[in-house]
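Residue numbers (this note's numbering): 59 to 179.
Data block below; observations after.
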Amino acid sequence: MDDIIAIAHGQLALEEQLAQGAQWLVCDTTVLVCIIWAQVRFGECPAALAKLWQPADYAIHLLTVPDLPWQDDPLRENPHDRAMLFELYRQALLEREIAPVLVQGHGRARSKSALNAIHLI
């Protein structure tokens, strides 16, 4: 659990560093990933970790629908729990009154889904 909290602090420090002077910062992960990981792996999320997540600090939350085929990767787990994990992320955002923008589809359609959401097209 200490490692997960350290990773969350590192994530926030890197976001702060990279955001200096940037017009946009796109993060492919946030502290929410650490929170969900702690809950799934250890059955709990310590208060020290939970208080780090400030979803209102982000302009938009893209949430990827698990509609692509699973691709094995040494850093990825849970090939059979993708729908459950998606729902945990979705519910966590909704509980904070954040409406996630769903990114779905294949190939260019998926990219366009994300780009439309952030108005870059």
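Where a beta carbon is used, it is the ideal one built from N, C-alpha and C, also for glycine.
Please read these numbers as outputs of a predicted model, since none were measured by experiment.
Span of the alpha helix (DSSP H) around residue i
{"i": "leucine 121", "result": "From DSSP, leucine 121 is part of no alpha helix (DSSP H) but of the beta strand (DSSP E) over 120-122."}
{"i": "valine 98", "result": "89-100"}
{"i": "glutamine 149", "result": "140-153"}
{"i": "aspartate 86", "result": "No alpha helix (DSSP H) contains aspartate 86, which DSSP labels as neither H nor E."}
Distance between residue j and residue i (C-alpha atoms, nearest Å)
{"i": "aspartate 60", "j": "glutamate 135", "result": "20 Å"}
{"i": "threonine 122", "j": "tryptophan 111", "result": "19 Å"}
{"i": "alanine 80", "j": "isoleucine 176", "result": "16 Å"}
{"i": "leucine 146", "j": "glutamine 78", "result": "31 Å"}
{"i": "tryptophan 128", "j": "alanine 141", "result": "12 Å"}
{"i": "isoleucine 179", "j": "lysine 109", "result": "Its pLDDT being 40, under 50, isoleucine 179 is placed unreliably in this model, and the value from its coordinates should be taken loosely. If I take the Cα positions, the gap works out to 35 Å."}
Counterpart residues of residue i in DSSP-defined beta bridges
{"i": "leucine 160", "result": "Leu121"}
Member of the options whose CA lies at the smallest distance from the CA of residue i
{"i": "isoleucine 118", "options": "Val161, Cys92, Ala66, Ile94", "result": "Val161"}
{"i": "aspartate 139", "options": "Ile94, Val89, Gln69", "result": "Ile94"}
{"i": "proline 124", "options": "Gly163, Ala105, Ala106, Glu155", "result": "Gly163"}
{"i": "proline 158", "options": "Phe144, Glu102, Arg99, Leu70", "result": "Phe144"}
{"i": "isoleucine 34", "options": "Ala105, Glu73, Gly101", "result": "Only positions 59 to 179 of the chain appear in the structure, and residue 34 is not among them; the question remains open."}
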